[in-house]
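S.K.: Listed in order, the protein sequences are those of chains A and B.
Under this note's numbering, think of the first position of the first sequence as 1, with each following residue one higher.
Under this note's numbering, think of the first position of the second sequence as 320, with each following residue one higher.
Where is the CB? At the ideal position from N, CA and C, for every residue including glycine.
Protein chains: 2
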Amino acid sequence: MRRQLMGEFDFIARHFRPLAGRGAMELRNDGATMSLPEGGELVLSSDTMVEGLHFLPDDPPYTVAQKLLRCNLSDLAAMGSRPQHYMLNVSVPSGRHYNEDWFTRFAAGLAADQKQYDISLLGGDTTGSPSPLMLNVTILGSVRQGEALRRDGAQPGDGVWVTGSLGRAALGLQVRLGKLNGGKTSLVEAYRVPTPRIGLSLYGIVSAAMDISDGLLQDCGHIAEESGVGITLFEEELPFAPEVMAHMETHREMILLGGDDYELLMTCPVTQEAALQAHCKEHDVPLTKVGTVREGRGVAMLDKQRRPINFSRTGWQHF
Amino acid sequence: MRRQLMGEFDFIARHFRPLAGRGAMELRNDGATMSLPEGGELVLSSDTMVEGLHFLPDDPPYTVAQKLLRCNLSDLAAMGSRPQHYMLNVSVPSGRHYNEDWFTRFAAGLAADQKQYDISLLGGDTTGSPSPLMLNVTILGSVRQGEALRRDGAQPGDGVWVTGSLGRAALGLQVRLGKLNGGKTSLVEAYRVPTPRIGLSLYGIVSAAMDISDGLLQDCGHIAEESGVGITLFEEELPFAPEVMAHMETHREMILLGGDDYELLMTCPVTQEAALQAHCKEHDVPLTKVGTVREGRGVAMLDKQRRPINFSRTGWQHF
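Okay, here's the thing in structure tokens:
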């Protein structure tokens, strides 16, 4: 930590020192240390959340903290890694509502999820920001040497599987923006507090994995491209909750393209399907087969009549 | 990596994929992996640079990249760690001059320092930014288990030592801001491209270490506080280059308080002074004894008449 804000030491001591874990040296040094289990390798991922782009200024600080950690935890889940620690970087605009009270509630959200996911804060820094609040986490976990899940192993004939249900977060954002009448608060909750699928052990079962953050279609595109295959999805197989189905007529494209789900997207050889289903059942994780991997390129989604759906866009976009 | 910018994949492929090292999986996965040497533990540090606060919009992108890496490398140096990899997070404002050309030169600066310090890019993310350009690096290195240098080991009677020379970066910033007439361009260079003191092996020799980023006085304060001691510095012992001495009459306080030096600040028992001097000489690192650790609290700087100097501030401040 360096180049501290005015009063940064007190600020860190008050809000973040109670979150510091083993190796963090109470956030009092230039950096931190971390050990790995014997035979393990480190898995890292990093995600930034920008006020106005990834969260709204009036989102509850408690859930902003949870989403920040959970988006990162979801990346580790997608790599089959057990989370251990995280680094936190915060850039705070002055003269706004990001004050003592805001950070007290933000730290409470971090603390709750540290407990839930058995992780601790290792270090980071705090700076000013000329305009938006910027929050960045680098999450650190471990996996047995060579056993990190990857995106590039999908083979023609594999099934395409997703955990949980889709579309709730995308609709939840619309509710938040005042653009969806009659949307349930559970949709907003899904947008604010995703459920990372930490704790599964899918190495040797699935052939490729990633998390769904940009939307099913776009993220299938990543697996297809990295694996050199094509993917066909079936609309009628997609898992949607009733509060999502209620908006299907008016918001079909938004629901199908989704985004922000933070569910796992996997491809699995037919020979391993039973193992995948048994493992997810054991861990109480809902699982649905939504498509197949084929030779070729690209991703197609077929409607109930097995006709390709033409979308006006492919997934979540920033600007 | 998730929630990509429009065209982020191409952007990453063009600029950052060539920088990716072993474990980065060509930046194509949700995260990255990293192994540690046998018996090693991970050392991490993270620093954010914000446009307008830590660099100026018209600073050369090549040196912005170098400074970003070197500030982080300096944190590893302060912990006695060998650097291996880094994570890079970039938040880019749209409609500004941070375009293709800017990032080509930025990536060239990263590439040059990757070569110089034998490190490689491991992952990160790219987002938009409503206003300033934000650059964040988490640097990753290793150290033998338990041998990370810390700030809290200074003992009364130890000497206080610094590497290199001080004050050039602080004056360099003034030159950049048009507030220092007759300042040499070497001062600006020192501000833009610090020299992290990577490569020394000081475990068992020094009793405490950190890097000087906020200024000698303020950073001595950190060691004093963490170690529960007082520190006395002697103005006449401080190492200043001739181009700094030239401004001593007009800018004494700015020079003495400094900031942005990224030199090592160490305390060393008298019994280890010969070892410290021999080690630094072997590595061609200039070394100067500038003070002593005493019982008590706080930091005092004495002038040539051994009178305490009263400063109007203690060091570098953000706002």
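Excluding the 5 residues preceding and the 5 following A:Leu200 in the sequence, name in chain order all residues of the same chain whose CB lies nearer than 8 Å to its CB.
M.R.: Taken in chain order, the residues that qualify are Ala77, Gly80, Leu264, His279, Cys280, His283 and Val285.
S.K.: Taking only beta carbons into account, state which residues of the segment 25–39 of chain A come closer than 8 Å to chain B, listed in chain order.
M.R.: Among the residues of the segment 25–39 of chain A, those with a Cβ less than 8 Å away from any Cβ of chain B are Met25, Arg28, Asn29, Asp30, Gly31, Ala32, Thr33, Met34, Ser35 and Leu36, in the order of the chain.
S.K.: Could you tell me which chain B residues have their CB closer than 7 Å to the CB of A:Arg150, listed as they occur along the chain?
M.R.: Met344 and Asn348
S.K.: Thinking C-alpha only, which one of A:Val90, A:Pro60 and A:Arg306 is nearest A:Arg176?
M.R.: Among A:Val90, A:Pro60 and A:Arg306, the Cα nearest to that of A:Arg176 is on A:Pro60.
S.K.: Can you give the beta carbon distance from B:Leu490 to B:Leu499, rounded, assuming they're within the 8 Å contact cut?
M.R.: 6 Å
S.K.: Assuming contact is defined by CB atoms lying nearer than 8 Å, are B:Arg616 and B:Gly549 in contact in what I supplied?
M.R.: For the pair B:Arg616 and B:Gly549, the CB atoms are nearer than the 8 Å cut-off.
S.K.: Taking the alpha carbon of B:Leu372 as the point to measure from, which residue in A:Ser91, A:Gly124 and A:Phe234 has its own alpha carbon closest?
M.R.: A:Ser91
S.K.: Tell me where the beta strand (DSSP E) around A:Ser129 begins and ends.
M.R.: Taken as a continuous stretch (DSSP letters only), the beta strand (DSSP E) holding A:Ser129 covers Ser120 to Ser129.
S.K.: With 16 other CB atoms within 10 Å as the buried threshold, where does B:Gly465 fall?
M.R.: exposed
S.K.: Helix or strand or just coil, what does DSSP make of B:Met585?
M.R.: Strand at B:Met585.
S.K.: Please list the residues of the segment 360–376 of chain B that have a C-beta atom closer than 9 Å to any C-beta atom in chain A, keeping them in chain order.
M.R.: Glu360, Leu361, Val362, Leu363, Ser364, Ser365, Asp366, Thr367, Met368, Val369, Glu370, Gly371, Leu372 and His373
S.K.: Show which residues of chain A have a CB atom less than 8 Å away from the CB atom of B:Pro451.
M.R.: Ser129, Pro130 and Ser131
S.K.: I'd like to know if the segment 328–340 of chain B and the segment 422–431 of chain B are in contact, where contact means that at least 3 CB-CB pairs between them fall below 8 Å.
M.R.: yes
S.K.: In its own chain, which residues sit with a C-beta less than 7 Å from the C-beta of B:Glu592, not counting the 5 before and 5 after it?
M.R.: So the qualifying residues of the chain are Gly478.
S.K.: Counting pairs of beta carbons, one from the segment 525–534 of chain B and one from the segment 571–578 of chain B, are three or more of them closer than 8 Å?
M.R.: yes
S.K.: How long is the line joining the alpha carbons of A:Gln114 and A:Ala241, rounded to whole angstroms?
M.R.: 28 Å
S.K.: Taking 7 Å as the limit between beta carbons, can you name the residues of its chain near B:Ile438, skipping five residues before and five after?
M.R.: Once the five neighbours on either side are set aside, the close Cβ partners of B:Ile438 are Pro402, Gln403, His404 and Tyr405.
S.K.: Between which two residues does the alpha helix (DSSP H) harbouring A:Lys67 extend?
M.R.: Taken as a continuous stretch (DSSP letters only), the alpha helix (DSSP H) holding A:Lys67 covers Pro61 to Ala78.
S.K.: For B:Glu572, is the classification buried or exposed, using 16 other Cβ atoms within 10 angstroms of its Cβ as the cut-off for buried?
M.R.: exposed
S.K.: Based on the DSSP secondary-structure assignment, which residues constitute the bridge partners of B:Asn455?
M.R.: B:Thr367 and B:Asn408
S.K.: Could you tell me whether the Cβ of B:Ser410 comes closer than 8 Å to any Cβ of chain A?
M.R.: Any Cβ of chain A closer than 8 Å to the Cβ of B:Ser410 would place that residue at the interface, and such an atom is present.
S.K.: Alpha carbon to alpha carbon, how far is A:Leu133 from A:Trp102?
M.R.: 12 Å
S.K.: Between A:Val244 and A:Ala148, which are expected to be in contact by the criterion C-beta below 8 Å, what is the C-beta distance as a whole number of angstroms?
M.R.: Actually they are not in contact, since the Cβ atoms of A:Val244 and A:Ala148 sit about 32 Å apart, beyond 8 Å.
S.K.: Please name the residue, chosen from B:Tyr510, B:Ile517, B:Pro449 and B:Arg470, that lies closest to B:Ser526 on a Cα-to-Cα basis.
M.R.: B:Arg470
S.K.: Any beta carbon of chain B sitting closer than 8 Å to that of A:Asn136?
M.R.: Chain B places a beta carbon closer than 8 Å to that of A:Asn136, counting this residue as a contact.
S.K.: Measure from the alpha carbon of A:Asp219 to the alpha carbon of each residue in B:Ala339, B:Arg341, B:Arg347 and B:Lys623, then state which is nearest.
M.R.: Its Cα nearest to that of A:Asp219, the residue B:Arg347 stands out among B:Ala339, B:Arg341, B:Arg347 and B:Lys623.
S.K.: Just to confirm the assignment, what range does the alpha helix (DSSP H) spanning A:Val188 have?
M.R.: Thr185 to Arg192
S.K.: Using a Cβ-Cβ cut-off of 7 Å (strictly less than) and excluding sequence neighbours within five positions of B:Leu475, which residues of its own chain qualify?
M.R.: The question names Leu, but residue 475 of chain B in the sequence shown is Pro. Correct list, in chain order: Val548, Val612, Arg613 and Glu614.
S.K.: Beta-carbon of A:Arg313 versus every beta-carbon of chain B: anything under 8 Å?
M.R.: no
S.K.: Just checking: is the beta-carbon of B:Met529 within a distance shorter than 8 Å of some beta-carbon in chain A?
M.R.: Closer than 8 Å: yes.
S.K.: Using Cβ-Cβ distances below 7 Å, what residues of the segment 436–447 of chain B are close to chain A?
M.R.: Leu441, Gly442, Gly443, Asp444, Thr446 and Gly447
S.K.: Hey, would you say B:Met353 sits closer than 8 Å to A:Glu41, going by beta carbons?
M.R.: yes
S.K.: Does A:Asp75 get closer than 8 Å to chain B when you measure Cβ to Cβ?
M.R.: Cβ-Cβ to chain B under 8 Å: yes for A:Asp75.
S.K.: Going straight from the alpha carbon of A:Pro93 to that of A:Pro130, what length do you get?
M.R.: 6 Å
S.K.: Could you work out which residue in B:Gly443, B:His570 and B:Gly472 is closest to B:Thr457 when comparing CA atoms only?
M.R.: B:Gly443
S.K.: Just to confirm before moving on: does the CB-CB distance between A:Arg70 and A:Pro196 stay below 8 Å?
M.R.: yes
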